[in-house]
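Here's the structure, in structure tokens; my notes come after.
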Ligand code: ASP
């Protein structure tokens, strides 16, 4: 039995949270590969380390003094290291390097990039995690690759990651980033550590991909809107894609693809409630009497409604309509139709500055 475990930012926001994570990992010897996020919020008004890094990048790029900001970021990590009492371990050298890179930003053609700075959140947290657990640290830039278009190079990633992990029994691979075709660090979109976890699970042929967060899996509705919704014990990959796309933001929407191809189930678990079984995401639908698995919603859509007599019998009308969208580089969400009508549902963002042309 081999499990890949990914921990989100709130699970790693402080030494106290790290200890819970350590206990979860050591309580099951099949939890052998760990993917950490960057430290998240410790309390609701707190700032995620990734957001602090994005900010310090802007400060440095504008040529302003960033010393205090770097100090504040380092303090977040030092608090964790001290709280965990990790012996003979420090990130001083790493922070010297990051400072050097930030200084480079005022040069006319800097080597340092936004993605590099943003990725340090996971990189540094991975180092702490590896030292704390006594696992090997593997820099994601050595095992996860993007192509020239900036998309994941799945083939190369799977090969290199699989071969590298086959050589080690216990490892920490930081989430969220890899190496771009240009040889520079490149990140996934926000929340992308979920994708890294999925890639690791696929590369090692894991039995399960456990994704540990601060909620006990998916709920049938948004608890901010519906009081006390029931948990979803089981959901298919397909249903999950729909729910995440429509706003159920527990898991990055691209995290499903790698594991789905090889049918490795994802188990969403709660670090603060480790005995809760959470939600299992797999190909196997739940055996229940429920017709609807869950409900999610998004806002800010525009509906363009067209009326034309006998539209239903006119061959090719919708094709021509969609060609107009294509020519304006607009993707649509939904296309409900009636006998004399068709409506195109488009996200407002897609239409910015294009509505009149359309
Ligand atoms: N730390 C990154 C973010 O805040 C990536 C992640 O947590 O998955 O988006």
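Residue numbers (the working numbering): -3 to 354.
For glycine and all other residues, C-beta sits at the position ideal for the given N, C-alpha and C.
Inter-stretch contact at 8 angstroms, needing at least 3 Cβ pairs: the region 170 to 187 / the region 230 to 243: no
Burial state of residue 169 (16 or more Cβ within 10 Å): buried
Contact test: residue 34 Cβ vs ligand 1 heavy atom, cutoff 7 angstroms: yes
C-alpha gap between residue 208 and residue 121, whole angstroms: 16 angstroms
Classification of residue 13 by the beta-carbon crowding that lies within 10 angstroms, buried from 16 upward: buried
Alpha helix (DSSP H) segments (min. 4 residues) lying fully within the region 90 to 160: 110 to 129
Residues near residue 249 in its chain [Cβ-Cβ closer than 8 angstroms; skip 5 each side]: 237, 240 and 241
Straight-line Cα distance separating residue 46 from residue 264: 22 angstroms
Proximity test, residue 186 beta-carbon vs ligand 1 heavy atom, cut-off 7 angstroms: yes
Beta-ladder partner(s) of residue 33, from DSSP: Partner(s): none; residue 33 has no beta bridge.
Pick from 340, -2 and 353 that is closest to residue 165, judged by C-alpha positions: -2
Cβ-based burial, residue 125 [other Cβ within 10 Å; buried from 16]: buried
Where the beta strand (DSSP E) through residue 237 begins and ends: Careful: residue 237 lies outside any beta strand (DSSP E), inside the alpha helix (DSSP H) at 233 to 241.
N-terminal and C-terminal residue of the beta strand (DSSP E) that residue 182 is part of: 181 to 183
Environment of residue 113 [buried if 16+ CB atoms lie within 10 Å]: buried
Close Cβ partners of residue 266 (< 8 angstroms) along its chain, the five nearest in sequence each way excluded: 208, 209, 210, 211, 212, 213, 272 and 274
Start and end residues, beta strand (DSSP E) containing residue 265: 262 to 266
Buried versus exposed, by CB contacts within 10 Å (16 or more), residue 199: buried
Residue 46 CB to nearest heavy atom of ligand 1 below 7 angstroms: yes
Unbroken beta strand (DSSP E) run spanning residue 3, endpoints: -1 to 3
Three or more C-beta pairs below 8 angstroms linking the region 124 to 140 and the region 6 to 23: yes
For residue 280, the three-state DSSP class (helix, strand or coil): coil
Residue 228 versus 22, 321, 276 and 102, residue with shortest Cα-Cα distance: 276
beta-carbon residue 135 near ligand 1 non-hydrogen atom, thresh 7 angstroms: no
Residue range of the unbroken beta strand (DSSP E) whose run includes residue 299: 297 to 303
Cβ neighbour criterion (16 or more within 10 Å) applied to residue 315: exposed
Meets three-Cβ-pair contact criterion under 8 angstroms: the region 295 to 315 and the region 337 to 347: yes
Assigned secondary structure, residue 43 (DSSP; H/G/I helix, E/B strand, else coil): coil
Per DSSP, the bridge partner or partners of residue 167: 29 and 132
Alpha carbon of residue 94 to alpha carbon of residue 219, nearest angstrom: 40 angstroms
Whole-angstrom distance between residue 163 and residue 116, CA atom to CA atom: 25 angstroms
Beta-carbon proximity list for residue 175, same chain, < 6 angstroms, skipping 5 on both sides: 137 and 141
Rounded straight-line distance, which links the Cα of residue 59 to that of residue 329: 42 angstroms
N- and C-terminal bounds of the beta strand (DSSP E) containing residue 79: First-last for residue 79: 63 to 80, but that is the alpha helix (DSSP H), not the beta strand (DSSP E).
Through-space distance from residue 189 to residue 102, alpha-carbon basis: 30 angstroms
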